[in-house]
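Novice: Right, I'll just put the structure down here and ask away after.
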Amino acid sequence: MKVILNIALAAVLTLGAATGAFAQEFTKGTVKKVDAKAKKVTLIHEELKSLDMPAMTMVFYVQDEAMLEKMKQGSTVEFVADRLNGKLTVTQLK
14 MKVILNIALA AVLTLGAATG AFAQEFTKGT VKKVDAKAKK VTLIHEELKS
64 LDMPAMTMVF YVQDEAMLEK MKQGSTVEFV ADRLNGKLTV TQLK
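Quick note: to get the numbering used here, add 13 to the position in the sequence shown (first position is 1).
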């Protein structure tokens with residue numbers, strides 16, 4: 014019984030690590046618009062595999078306001094997006 018529990022635990026930890034690594038995948042995008050007051054950015058982005066979303070143009074919230082200072086209209090960025098509190102949010106930026 015203990016062996017089965019150890020195998021199950023190892024499988025869960027491995028799956029969790031793989032999912033975490035996949036969620037951290039950066040996506041390329043181009044900044045279309047920055048709305049600092051609303052803490053939002055409009056990005057023309059490639060496929061967001063972690064969110065199962067095709068390439069498109071859409072508005073994201075930013076997790077950290079300081080990210081907006083690094084984004085200028087027309088610039089190319091690499092970012093990680095996730096759903097935070099039901100809102101699509103940029104959580105990391107290169």
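The beta-carbon is built from N, C-alpha and C at its ideal position, and this holds for glycine as well.
#1: Less than 8 Å between the beta carbons of L64 and G42, yes or no?
#2: Let's test the definition: count the other Cβ atoms within 10 Å of the Cβ of A49 and tell me whether it reaches 16, buried, or not, exposed.
#3: Tell me which same chain residues have a C-beta within less than 6 Å of the C-beta of E59, skipping the five on either side of it?
#4: Hey, out of M66, Y74, K62, E38, whose CA is closest to K53's CA?
#5: Give the DSSP bridge partners of L106, in chain order.
#6: Between the alpha carbons of T104 and E82, how many angstroms are there, rounded?
#7: For L61, count the other beta carbons within 10 Å of its own beta carbon; 16 or more makes it buried, fewer makes it exposed. Which is it?
#8: How big is the Cα-Cα spacing for F92 and K107?
Specialist: Straight from the coordinates:
#1: no
#2: It is exposed - the Cβ of A49 has fewer than 16 other Cβ atoms within 10 Å.
#3: T40, K41, A68
#4: Y74
#5: Its beta-bridge partners are F92.
#6: 14 Å
#7: buried
#8: Taking the CA atoms as reference points, F92 sits about 6 Å from K107.
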